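A.B. asks: Take a look at the following structure, please.
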Amino acid sequence: MTRLQRHSGVLCLLAVAGLLSIGWLVVLPAVASRPAVSGYLQRLDDQGIDASAMFYTELEMMPKLLERRERNR
Amino acid sequence: MTDTASSNAGSDDTRRPGRGWSEDWLAVAIGWVLLLFSFAAVTTRTGPGDDGQDKITAVNRVGDWFGKTGDWVDSPLEALKSKKGDWLWPGLLGSGAACLLMFGAGAKLNGQSFRGFAPAFAVLFILALLAYLLAGHKVIKALNLEYAMWALVMGLVISNTIGTARWMRPALRTELYIKTGLVLLGAEILMGRLMALGLPGIFVAWIVTPIVLIVTFWFGQRILKISSPSLNMVISADMSVCGVSAAIATAAACRAKKEELSLAIGLSLSFTVVMMVLMPMAIKSMGIDNILGGAWMGGTIDATGAVAAAGAMLGPDALEVAATVKMIQNILIGVIAFGVAVYWVTYVEKREGAGRPSIGEIWVRFPKFILGFIAASIVFSMIQGMTESGTVVVDAMIDGVTKTMRGWSFCLAFVSIGLETNFRELAKQMAGGKPLVLYVCGQTLNLVLTLAMAWLMFKVVFPDAAQVIAK
Numbered sequence: 001m002t003r004l005q006r007h008s009g010v011l012c013l014l015a016v017a018g019l020l021s022i023g024w025l026v027v028l029p030a031v032a033s034r035p036a037v038s039g040y041l042q043r044l045d046d047q048g049i050d051a052s053a054m055f056y057t058e059l060e061m062m063p064k065l066l067e068r069r070e071r072n073r
Numbered sequence: 001m002t003d004t005a006s007s008n009a010g011s012d013d014t015r016r017p018g019r020g021w022s023e024d025w026l027a028v029a030i031g032w033v034l035l036l037f038s039f040a041a042v043t044t045r046t047g048p049g050d051d052g053q054d055k056i057t058a059v060n061r062v063g064d065w066f067g068k069t070g071d072w073v074d075s076p077l078e079a080l081k082s083k084k085g086d087w088l089w090p091g092l093l094g095s096g097a098a099c100l101l102m103f104g105a106g107a108k109l110n111g112q113s114f115r116g117f118a119p120a121f122a123v124l125f126i127l128a129l130l131a132y133l134l135a136g137h138k139v140i141k142a143l144n145l146e147y148a149m150w151a152l153v154m155g156l157v158i159s160n161t162i163g164t165a166r167w168m169r170p171a172l173r174t175e176l177y178i179k180t181g182l183v184l185l186g187a188e189i190l191m192g193r194l195m196a197l198g199l200p201g202i203f204v205a206w207i208v209t210p211i212v213l214i215v216t217f218w219f220g221q222r223i224l225k226i227s228s229p230s231l232n233m234v235i236s237a238d239m240s241v242c243g244v245s246a247a248i249a250t251a252a253a254c255r256a257k258k259e260e261l262s263l264a265i266g267l268s269l270s271f272t273v274v275m276m277v278l279m280p281m282a283i284k285s286m287g288i289d290n291i292l293g294g295a296w297m298g299g300t301i302d303a304t305g306a307v308a309a310a311g312a313m314l315g316p317d318a319l320e321v322a323a324t325v326k327m328i329q330n331i332l333i334g335v336i337a338f339g340v341a342v343y344w345v346t347y348v349e350k351r352e353g354a355g356r357p358s359i360g361e362i363w364v365r366f367p368k369f370i371l372g373f374i375a376a377s378i379v380f381s382m383i384q385g386m387t388e389s390g391t392v393v394v395d396a397m398i399d400g401v402t403k404t405m406r407g408w409s410f411c412l413a414f415v416s417i418g419l420e421t422n423f424r425e426l427a428k429q430m431a432g433g434k435p436l437v438l439y440v441c442g443q444t445l446n447l448v449l450t451l452a453m454a455w456l457m458f459k460v461v462f463p464d465a466a467q468v469i470a471k
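Chain order of the listed sequences is A and B.
Read in order, the letters of the first sequence correspond to residues 1 to 73 in the numbering used here.
Read in order, the letters of the second sequence correspond to residues 1 to 471 in the numbering used here.
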């Protein structure tokens, strides 16, 4: 990697870091504060749903659901 | 997974980066040490429950030593505190130290220097922590944009701007992290939960899913003529089974390239976001009832969390059915990974013109970590099902330690993949748009077959099942 490439690489990295910072520290909090969005997020929280769960064991709601299923069987 | 196409040929050397233990056995050893450590740390006690009846409860004594970041809205600092307001630093540092110890020991057993490994690993862990912070914003979570994607992004940004430093290389042990994570995941595949919805659940999740997987793979090979069978398999599995976790398991079982796994996950997450919004709307507009709609979404939307979120949009009964069908599908991962590994070493990797390989040859080529993965599922399913306190003990073992460490293992793996991947290599995988066509065609078949099977099961064969669920 030449000096010029490294220099432009650092600038690119800083630009991406800046964009991510603006996105996560300014835009997303603003989106989350909108009544419709915050209401939806609260409903997910109340129901123990993590919409980004990769596996069923990551869902807070699962133990109660399994208990109910066990009772109904 | 392998770096080069040539290493797809099934050489066992690809799983032995240095000297000493093979990566597969190392992953089995690390995973099982952690499983047994967490299991041994669980204590039970019997006391009156909320209803006054005696109830067995279990606590993991080392649970506070392990942790990951929480979620946040306004400031990332919120993610460093628990819901009760305690700092999460001890758990984060504990997880970092445990990962360093386990994987550092693994590096040493492979003949690497621990001194070279430790600083590189520390930076890798910090990048994984940043990925968890990005994934932890509540809006991002609600969109089902999982940590795996942000871990990949962290690595890709660095490798494609300033480049990955040479001194970082000793810590980039993608395969070891993924395989260790999968051995830990094995303990979460509890067969006793298969019958949670009775026979209708089994038919929707365990009959339709393998059919869709096999037909989609066949379609990719014979009709679309996708040049890489492993890319075809990983996309077919993540679309038909359960998204990212299925992609990881099958990619490791068929030794797919890192770029192939990245592409499959990108496709799956993109479609999941769309499906979790559109499917509840479509179900309402088509007048489909909640039980049938829930079963349909549970069998077709890739990601587990997205299934629950979409189910909740319809109602509590839809949520119950959708999440349960998806859980039953989650449990299918073990069988799918084992089946894919056997199929790969027996048919896909056999030399041209050679007959069926002997048992000895199959054993040599077989990815041994799958044995640790399946063994974890069998052992902890037996413990869960055969003893009175089994469920609470296994749940405490998983919740306290192994689930968290499985998450860190996968997160470290995806940062490593990003750090070793070039955007151009990633773009090449989309050649001709065939992966996209494969996903769309496979998902269309999945939607049709799952709806048909769910209708047959919940409306025709077991109409009472819906009333039991609605109770």
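Cβ coordinates follow ideal geometry from the N, Cα and C atoms, glycine included.
Note that the structure is predicted; figures quoted are calculated from it, not measured.
Measure the C-alpha to C-alpha separation of B:K284 and B:K434 and round it to an integer number of angstroms.
C.D. replies: Approximately 32 Å, taken between the alpha carbons.
A.B. asks: Do B:P367 and B:A253 count as a contact pair if the criterion is CB distance below 8 Å?
C.D. replies: The answer is yes: Cβ separation under 8 Å.
A.B. asks: Using a cut-off of 8 Å between C-beta atoms, extract the partners of A:P63 located in chain B.
C.D. replies: D395, listed in chain order.
A.B. asks: Compare the C-beta of A:V31 with all C-beta atoms of chain B and state if any pair is closer than 8 Å.
C.D. replies: Output row for A:V31: interface = yes.
A.B. asks: By the criterion of Cβ-Cβ separation under 8 Å, what are the contact partners of A:A36 in chain B?
C.D. replies: Simply none; closest approach about 12 Å.
A.B. asks: Below 7 Å between beta carbons is the criterion; list the residues of the stretch 243-268 of chain B that meet it against any residue of chain A, in chain order.
C.D. replies: Cβ contacts with chain A: V244 and S245.
A.B. asks: Just to confirm before moving on: does the CB-CB distance between B:T250 and B:V234 stay below 8 Å?
C.D. replies: Against a cut-off of 8 Å, the Cβ pair of B:V234 and B:T250 comes out as a contact.
A.B. asks: Taking Cβ positions, are B:T69 and B:L145 nearer each other than 8 Å?
C.D. replies: Not a contact, by the Cβ cut-off of 8 Å.
A.B. asks: Thinking C-beta only, is B:I56 closer than 8 Å to B:T46?
C.D. replies: In contact: B:T46 and B:I56 (Cβ atoms closer than 8 Å).
A.B. asks: Using only CA atoms, which one of B:I469, B:M453 and B:D464 lies nearest to B:V212?
C.D. replies: With distances taken between Cα atoms, B:V212 lies closest to B:M453.
A.B. asks: In chain order, what residues of the same chain have a beta carbon less than 6 Å from the beta carbon of B:V59, not counting five sequence neighbours either side?
C.D. replies: Hits under 6 Å: T43.
A.B. asks: Residues in its own chain within less than 6 Å of B:S377 by CB, not counting five upstream and five downstream?
C.D. replies: These residues qualify, in order along the chain: G186, I189 and G334.
A.B. asks: Can you list the residues of chain B that A:L13 reaches, using a CB-CB cut of under 8 Å?
C.D. replies: What A:L13 touches in chain B: V157, I158, T161 and I162.
A.B. asks: State yes or no: is the beta carbon of B:E425 nearer than 8 Å to at least one beta carbon in chain A?
C.D. replies: Answer no: the Cβ-Cβ gap between B:E425 and chain A never drops below 8 Å.
A.B. asks: Would you mind reading off the limits of the beta strand (DSSP E) that contains B:P472?
C.D. replies: An answer regarding residue 472 of chain B cannot be provided, because it is not within the stretch 1 to 471 covered by chain B.
A.B. asks: When you check each C-beta in the stretch 295-317 of chain B against every C-beta of chain A, which residues fall closer than 8 Å?
C.D. replies: Flagged, chain order: A303, T304, G305, A306, A308, A309 and A312.
A.B. asks: Could you list which residues in chain A have their beta carbon closer than 7 Å to that of B:I378, in chain order?
C.D. replies: Within chain A, no residue comes near B:I378; the closest Cβ sits about 17 Å away, beyond 7 Å.
A.B. asks: Mapping DSSP to helix, strand and coil, what is B:I291?
C.D. replies: Here B:I291 sits in helix by DSSP.
A.B. asks: For B:D302 and B:F338, which I take to be in contact (beta-carbon distance under 8 Å), what is that distance rounded to the nearest angstrom?
C.D. replies: At roughly 21 Å, the Cβ-Cβ gap does not stay under 8 Å, so B:D302 and B:F338 are not in contact.
A.B. asks: Leaving out the 5 sequence neighbours to the left and right, which residues in its chain are closer than 8 Å to B:K415 when beta-carbon positions are compared?
C.D. replies: A small correction: the amino acid at residue 415 of chain B is Val; Lys does not occupy that position in the sequence shown. Only L124, L127, A128, A131, A151, L152, M154 and G155 meet the Cβ criterion.
A.B. asks: Quick one, are the C-beta atoms of B:L77 and B:W89 less than 8 Å apart?
C.D. replies: Taking 8 Å as the Cβ cut-off, B:L77 and B:W89 do not qualify as a contacting pair.
A.B. asks: Taking a cut of 8 Å between CB atoms, which residues from the stretch 135-158 of chain B lie near chain A?
C.D. replies: Hits within the stretch, in order: A135, H137, K138, V139, I140, K141, A142, L143, N144, L145, E146, Y147, A148, V157 and I158.
A.B. asks: Does the beta carbon of A:G9 come closer than 8 Å to any beta carbon on chain B?
C.D. replies: So yes, A:G9 belongs to the interface.
A.B. asks: I need the DSSP call for B:K68, collapsed to helix, strand or coil.
C.D. replies: In this structure, B:K68 counts as coil in the three-state DSSP scheme.
A.B. asks: Determine, for A:L19, whether the minimum Cβ-Cβ distance to residues of chain B falls below 8 Å.
C.D. replies: Judged by the 8 Å Cβ criterion, A:L19 is not in contact with chain B.
A.B. asks: By DSSP, does B:I518 sit in helix, in strand, or in coil?
C.D. replies: No answer is possible for residue 518 of chain B: it lies beyond the span of chain B, which begins at 1 and ends at 471.
A.B. asks: Assess contact between the stretch 169-178 of chain B and the stretch 411-428 of chain B, defined as three or more Cβ pairs (one per stretch) separated by less than 8 Å. Is contact present?
C.D. replies: With the cut-off at 8 Å, the stretch 169-178 of chain B and the stretch 411-428 of chain B touch.
A.B. asks: Which of the three DSSP states, helix, strand or coil, is assigned to B:F60?
C.D. replies: As written in the sequence, residue 60 of chain B is Asn, which differs from the Phe given in the question. Of the three classes helix, strand and coil, the one that applies to B:N60 here is strand, per DSSP.
A.B. asks: Quick one: grab the DSSP three-state call for B:K258.
C.D. replies: Helix, per DSSP.
A.B. asks: Given a cut-off of 8 Å, decide if A:V31 and B:V139 are closer than it, judged by their beta-carbon atoms.
C.D. replies: Yes, the Cβ-Cβ distance between B:V139 and A:V31 is below 8 Å.
A.B. asks: Would you please verify whether the beta carbon of A:R69 is less than 8 Å from any beta carbon of chain B?
C.D. replies: True, the Cβ-Cβ gap to chain B drops below 8 Å.
A.B. asks: Just the Cα atoms here: how many angstroms apart are B:S236 and B:L438?
C.D. replies: Taking the straight line joining both Cα atoms gives about 8 Å.
A.B. asks: Is the distance from the Cβ of B:L267 to the Cβ of B:G293 below 8 Å?
C.D. replies: Against a cut-off of 8 Å, the Cβ pair of B:G293 and B:L267 comes out as no contact.
A.B. asks: Just verifying my parser: in three-state terms, what is the DSSP assignment at B:K55?
C.D. replies: Strand at B:K55.
A.B. asks: Going by C-alpha to C-alpha distance, which of B:Q53, B:G305 and B:G49 sits closest to A:E58?
C.D. replies: It is B:G305.
A.B. asks: Closer than 7 Å by beta-carbon distance: list the chain B residues that pair up with A:R3, in chain order.
C.D. replies: None at all; the shortest Cβ gap to chain B is about 13 Å.
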